[in-house]
DNA sequence: ATTCTCATGTAATTGGTTACATGATTGC
DNA sequence: GCAATCATGTAACCAATTACATGAGAAT
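Residue numbers (the working numbering), protein chains in the order written: chain U, 1 to 181; chain B, 182 to 362.
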């Protein structure tokens, strides 16, 4: 039985302890979503499939009248997770509209080109801000992999912000010299 | 009429001059695919839509008996491209299985954790290799935006490779100290 | 009262890939 | 003669998002 990376996100979250679909969604939204998002439309059906496949166990644990199903990883589920973790990563996809616009920026006049590079920088700065908001929370477990991954995201976005500023400045100065020639 | 970013990839490619669907696909595959891919299944129907919308003009230009349709940007098409370029970028999505595995790497034992960080580094090194192969070709137009974007990709992947090596080394040394304690 | 959070799920739609089908031209 | 490249297109399929539907409990 072939599982999608999204199924492994769920197994991985369950490896931290038993959780409801709602809790998994919440965790994904403040962690993996930056490199692997998941919606309710995936999570709930996938949880059902995983429990049918014997990789997770479903237990009803209502809070008062509010129904709630908590899933926990079975031994087979943990094995499946370990096997997947040890395999070389396959998927790496990106949809970066800012890069795409920059690629075609030669179509615009120079001042607008500079604005575009700064807009890309602003995009990265916004992401950086979002990551830094999570940081104090993640730093509570300093040697953990979630924290390692967060630091990678921060480093990358810092680099990108600097790169955009540098390139925008370069374009701007080139523009100034061209104007005075 | 709302166009998708993929439609703008096509308009953008046509801004470099008239092209067939086949040529557009070839260009995408050695440039934008790293941050915005497109398949024949998208390109051909989209070209038809763009020409129906008056943003591109279709001209039959067979080579012998081999049929061929070349599209060129209309003035409206160029305007639409410029409007889109000036708008702030929206989409930024990533599916990075390597990061995802790293996030859950705490499940494995330390030597395997080190292997995983190195595997992520290898993924970035492979991408870096692919980009460097394109570089001499792109460097022919040194001040162009396609070349700027390529350099961004190279810088990012170089940074990622170094980061992975550094973190793998750190993990390894931590592992050694823990073992002798 | 009302809004927010907790909680689960499905249906419709979108965006995109892959496979399939067809055929001409070029280079070995 | 055969493989690679040029060239166009559709159909089936897949992954994922969004909107919708429902309802309890907690906080303001």
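Beta carbons: idealized from backbone N, C-alpha and C, even for Gly.
Of the residues the options, which one's Cα is nearest the Cα of residue i?
i                      : options                       : result
residue 69 of chain U  : U/57, U/13, U/96 and U/111    : U/57
residue 51 of chain U  : U/21, U/5, U/123 and U/166    : U/21
residue 96 of chain U  : B/281, B/272 and B/277        : B/272
residue 61 of chain U  : U/109, U/41, U/27 and U/19    : U/19
residue 132 of chain U : U/141, U/116, U/157 and U/142 : U/157
residue 109 of chain U : U/178, U/160 and U/28         : U/178
residue 223 of chain B : B/205, B/310 and B/247        : B/205
residue 101 of chain U : B/266, B/225, B/343 and B/322 : B/266
residue 213 of chain U : U/160, U/145 and U/11         : Past the boundaries of the shown model lies residue 213 of chain U; chain U is included only from 1 to 181, so the question cannot be answered.
residue 88 of chain U  : B/293, B/274 and B/268        : B/293
residue 123 of chain U : B/324, B/308 and B/274        : B/274
residue 253 of chain B : B/240, B/220, B/245 and B/219 : B/240
residue 154 of chain U : U/125, U/142 and U/140        : U/125
residue 30 of chain U  : U/127, U/45 and U/65          : U/127
Quick one: residues in its chain with C-beta nearer than 6 angstroms to the C-beta of residue i, no 5 flanking neighbours on either side, listed in chain order?
i                      : result
residue 299 of chain B : 349
residue 164 of chain U : 117, 120 and 121
residue 38 of chain U  : 6, 9 and 28
residue 47 of chain U  : 21 and 71
Any beta carbon of chain B sitting closer than 8 angstroms to that of residue i?
i                      : result
residue 4 of chain U   : no
residue 101 of chain U : yes
residue 173 of chain U : no
residue 38 of chain U  : no
residue 44 of chain U  : no
residue 157 of chain U : no
residue 152 of chain U : yes
residue 95 of chain U  : yes
residue 168 of chain U : no
residue 98 of chain U  : yes
residue 41 of chain U  : no
residue 63 of chain U  : no
residue 161 of chain U : no
residue 129 of chain U : no
residue 47 of chain U  : no
Looking at residue i: is its Cβ nearer than 8 angstroms to the Cβ of residue j?
i                      : j                      : result
residue 152 of chain U : residue 138 of chain U : no
residue 15 of chain U  : residue 353 of chain B : no
residue 150 of chain U : residue 162 of chain U : no
residue 194 of chain B : residue 208 of chain B : yes
residue 280 of chain B : residue 103 of chain U : no
residue 105 of chain U : residue 326 of chain B : yes
residue 236 of chain B : residue 213 of chain B : no
Between residue i and chain U, is the shortest Cβ-Cβ distance under 8 angstroms, so that the two count as touching?
i                      : result
residue 297 of chain B : yes
residue 304 of chain B : yes
residue 182 of chain B : no
residue 196 of chain B : yes
residue 346 of chain B : no
residue 289 of chain B : yes
residue 238 of chain B : no
residue 258 of chain B : no
residue 318 of chain B : no
residue 255 of chain B : no
residue 293 of chain B : yes
Please list, in chain order, all residues of the same chain as residue i whose beta carbon is under 8 angstroms from its beta carbon, the five residues on each side excluded.
i                      : result
residue 114 of chain U : 168, 171, 172 and 175
residue 49 of chain U  : 7
residue 248 of chain B : 241
residue 40 of chain U  : 21 and 25
residue 188 of chain U : Lying outside 1 to 181, the shown extent of chain U, residue 188 of chain U is not represented and no answer is given.
residue 225 of chain B : 202
Residues in its own chain within less than 7 angstroms of residue i by CB, not counting five upstream and five downstream?
i                      : result
residue 234 of chain B : 182
residue 311 of chain B : none
residue 141 of chain U : 147
Cβ pair count under 8 angstroms reaching 3, the segment 183-200 of chain B against the segment 253-270 of chain B: With the cut-off at 8 angstroms, the segment 183-200 of chain B and the segment 253-270 of chain B touch.
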